[in-house]
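**Student:** Each protein sequence line maps, in turn, to chains A and B.
Per the numbering used here, residue -5 is the first one in the first sequence, and the count goes up by one each step.
Per the numbering used here, residue -5 is the first one in the second sequence, and the count goes up by one each step.
Below you will find the structure I want to go over with you.
There are 2 protein chains.
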Amino acid sequence: MKRRSLEKDTCPVARSLEAIGDTWSVLIVREAFAGKRRFCEFEKSLGVAKNILTVRLRKLVALGVLEQVPAPGGGVHHEYVLTEKGRGLYVVLMAIRQWGEGCGGEAKYVLVDRRDRRPVKPLAFHAHDGRELGAGDMELVPVSEA
Amino acid sequence: MKRRSLEKDTCPVARSLEAIGDTWSVLIVREAFAGKRRFCEFEKSLGVAKNILTVRLRKLVALGVLEQVPAPGGGVHHEYVLTEKGRGLYVVLMAIRQWGEGCGGEAKYVLVDRRDRRPVKPLAFHAHDGRELGAGDMELVPVSEA
DNA sequence: CCAATTTGGTTGCAAGATGCAACTGGTACC
DNA sequence: GGTACCAGTTGCATCTTGCAACCAAATTGG
């Protein structure tokens, strides 16, 4: 049967999964952050089948994560670049990376601050006063009760 | 054809996708954070087919995200609870939630600090000295160069 | 200029994944 | 004993994925 659409789900997590709920889409976005822009660049670096890539790129464009821009050299080909919305996925990508590194041996890459080349602090939650919070210290409440 | 295995991929993002690269797995983890523990609880709240749920729960257990514990009341049924590794997905889940809320109308829920009921700061990167960093301010470098 | 290659796809399968419904085997309740 | 619930399993139809082959336009090489 058809995979259920999550677009109208009330939960924002579920809605997000419409865009990043499949493996190739996430990897495409990862490559986009790495500077890849063209069809063949994604194809080569990911080893994904062309037909799948075609469909995924179109979906990401339709969802506003990527956008097609006319080629820079004035050529006939276009390129795929992250939109503002797409760039917002950086935190998500890095959260996933952080988790994958935490439980899979020692890290091979570090995220550093461009300015001073020093490592960035791991993603974590902070209370309004700056205290760091763990998963158990927080609660998700309807805005009406906030 | 068979979906490619990502377990041995060098990229931690790709490896993580082995666990959370599919929609149901993410939603199951979300429900687990919401306190769901039993097969039928996941089934009812997600509306997922039993056979799919069976396979997903087994995969999450195999990957060390969930673990089966003997039922609390001494009954014959077991329950599925998040492991330490699984609880590490909280940041990922909330990053996804944050992204989904950011671009889909107004938020319906807020994450608040249990202690003072005040909203938690959105997830963001911080330099070693506490400055907030955007995606463009950071770079991923091999540890050898760090 | 003509041929070969690259780019960005489309099309046609075969096999795997997903979803529904029906069924099973155990416990729990009355 | 009969009914209901829980946690699955099994079968079948449909959807998705992946490979390979093909294609047209543009670019490159000689």
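Note that the Cβ used here is the ideal one computed from N, Cα and C, for glycine as well.
As the structure is a prediction and not an experimental result, all values here were calculated from the model.
Whole angstroms is fine: what's the gap from A26 of chain A's alpha carbon to V20 of chain A's?
**Tutor:** Locating residue 26 of chain A in the first sequence gives position 32, where the first residue counts as 1. Locating residue 20 of chain A in the first sequence gives position 26, where the first residue counts as 1. Cα to Cα, the separation comes out at about 10 Å.
**Student:** Can you name, in chain order, every residue of its own chain whose Cβ lies under 7 Å from the Cβ of E95 of chain B, other than the five neighbours on each side?
**Tutor:** On the second sequence, position 101 is the one that residue 95 of chain B refers to. Cβ within range, chain order: A101.
**Student:** Along the chain, where does the beta strand (DSSP E) containing L60 of chain A start, and where does it finish?
**Tutor:** Against the first sequence, residue 60 of chain A aligns to sequence position 66. L60 to P64 is the span of the beta strand (DSSP E), which, as asked, contains L60 of chain A.
**Student:** Who are the near neighbours of V85 of chain A in its chain, counting only those whose CB is closer than 8 Å to its CB and skipping five residues on each side?
**Tutor:** Within the first sequence, the letter at position 91 stands for residue 85 of chain A. Around V85 of chain A: L117.
**Student:** Report the three-state DSSP secondary structure of V20 of chain A (helix, strand or coil).
**Tutor:** Position 26 of the first sequence, counting from 1, holds the residue named residue 20 of chain A. Of the three classes helix, strand and coil, the one that applies to V20 of chain A here is helix, per DSSP.
**Student:** Below 8 Å on the Cβ atoms is my guess for A129 of chain B versus R81 of chain A; work out the distance and round it to an integer in Å.
**Tutor:** Stepping through the second sequence from its first residue, residue 129 of chain B is reached at position 135. Stepping through the first sequence from its first residue, residue 81 of chain A is reached at position 87. Their Cβ separation, rounded to whole angstroms, is 6 Å, which keeps A129 of chain B and R81 of chain A in contact under 8 Å.
**Student:** Any residues in the stretch 114 to 135 of chain B with a beta carbon nearer than 9 Å to a beta carbon of chain A? Which ones, in chain order?
**Tutor:** Against chain A - using a Cβ distance shorter than 9 Å - the residues of the stretch 114 to 135 of chain B are V114, K115, P116, L117, A118, F119, H120, A121, H122, D123, G124, R125, L127, G128, A129, G130, D131, M132, E133, L134 and V135.
**Student:** Name the chain B residues that come within less than 7 Å of S39 of chain A, Cβ to Cβ?
**Tutor:** Start at 1 with the first residue of the first sequence, and residue 39 of chain A comes out as number 45. Residues of chain B passing the Cβ test: none, with the nearest at roughly 11 Å.
**Student:** DSSP state of P116 of chain B, grouped into three classes?
**Tutor:** Reading the second sequence from its first residue, position 122 is the one you call residue 116 of chain B. P116 of chain B falls in the coil class under three-state DSSP.
**Student:** Could you check whether K79 of chain B and V59 of chain B sit closer than 8 Å to each other, using their CB atoms as the reference points?
**Tutor:** Position 65 of the second sequence, counting from 1, holds the residue named residue 59 of chain B. Position 85 of the second sequence, counting from 1, holds the residue named residue 79 of chain B. In contact: V59 of chain B and K79 of chain B (Cβ atoms closer than 8 Å).
**Student:** DSSP on E73 of chain B, reduced to helix/strand/coil?
**Tutor:** Position 79 of the second sequence holds residue 73 of chain B. Strand at E73 of chain B.
**Student:** Distance, Cα to Cα, Q62 of chain B vs V104 of chain B?
**Tutor:** Along the second sequence, one-based indexing puts residue 62 of chain B at 68. Along the second sequence, one-based indexing puts residue 104 of chain B at 110. Approximately 31 Å, taken between the alpha carbons.
**Student:** Using the beta-carbon count (16 or more within 10 Å), is T4 of chain B buried or exposed?
**Tutor:** Mapped onto the second sequence, residue 4 of chain B falls at position 10. Counting Cβ neighbours within 10 Å, T4 of chain B comes out exposed, since fewer than 16 surround it.
**Student:** Rounded to whole angstroms, what's the CA-CA distance from C97 of chain B to V70 of chain B? Just pull it up for me.
**Tutor:** Start at 1 with the first residue of the second sequence, and residue 97 of chain B comes out as number 103. Start at 1 with the first residue of the second sequence, and residue 70 of chain B comes out as number 76. Roughly 45 Å separates the two Cα atoms.
**Student:** How far does the alpha helix (DSSP H) with E37 of chain A in it extend, from its first residue to its last?
**Tutor:** As a first step, residue 37 of chain A is located in the first sequence; it is residue number 43 there, counting from the start. Start and end: F33 to L40.
**Student:** Determine, using beta carbons only, whether I90 of chain A and R50 of chain A come nearer to each other than 8 Å.
**Tutor:** Here residue 90 of chain A refers to the residue found at position 96 when the first sequence is read from its first residue. Here residue 50 of chain A refers to the residue found at position 56 when the first sequence is read from its first residue. Result no, Cβ atoms of I90 of chain A and R50 of chain A do not sit closer than 8 Å.
**Student:** I'd like to check one pair, V106 of chain A with V137 of chain B: are the Cβ atoms closer than 8 Å?
**Tutor:** Reading the second sequence from its first residue, position 143 is the one you call residue 137 of chain B. Reading the first sequence from its first residue, position 112 is the one you call residue 106 of chain A. Going by C-beta atoms, V137 of chain B is not nearer than 8 Å to V106 of chain A.
**Student:** To the nearest angstrom, how far is it from the Cα of K115 of chain A to the Cα of L127 of chain A?
**Tutor:** Counted from its first residue, the first sequence places residue 115 of chain A at position 121. Counted from its first residue, the first sequence places residue 127 of chain A at position 133. Rounded to the nearest angstrom, the two C-alpha atoms are 14 Å apart.
**Student:** For L11 of chain B, which three-state DSSP category applies?
**Tutor:** Along the second sequence, one-based indexing puts residue 11 of chain B at 17. Residue state, collapsed to three classes: helix.
**Student:** Can you tell me the Cα-Cα spacing of S10 of chain B and W18 of chain B, whole angstroms?
**Tutor:** Residue mapping note: residue 10 of chain B aligns to position 16 of the second sequence, counting from 1. Residue mapping note: residue 18 of chain B aligns to position 24 of the second sequence, counting from 1. One C-alpha to the other measures close to 15 Å.
**Student:** Going straight from the alpha carbon of V75 of chain A to that of E133 of chain A, what length do you get?
**Tutor:** Here residue 75 of chain A corresponds to residue number 81 of the first sequence, with the count starting at 1. Here residue 133 of chain A corresponds to residue number 139 of the first sequence, with the count starting at 1. Straight-line Cα distance between these residues: approximately 36 Å.
**Student:** Roughly how many whole angstroms lie between the Cα atoms of E35 of chain A and A28 of chain A?
**Tutor:** Residue numbering aside, residue 35 of chain A sits at position 41 when the first sequence is read from its first letter. Residue numbering aside, residue 28 of chain A sits at position 34 when the first sequence is read from its first letter. Each residue's alpha carbon lies about 11 Å from the other.
**Student:** Once you ignore the five residues that flank A13 of chain B on each side, which residues in its own chain have a CB closer than 6 Å to its CB?
**Tutor:** By 1-based counting over the second sequence, the position of residue 13 of chain B is 19. Closer than 6 Å at Cβ, skipping near neighbours: L57 and V59.
**Student:** Which residue from A:K30, A:R112 and A:D123 puts its Cα closest to that of R112 of chain B?
**Tutor:** Translated into the one-based positions of the second sequence, residue 112 of chain B becomes position 118. Per the Cα distances, A:D123.
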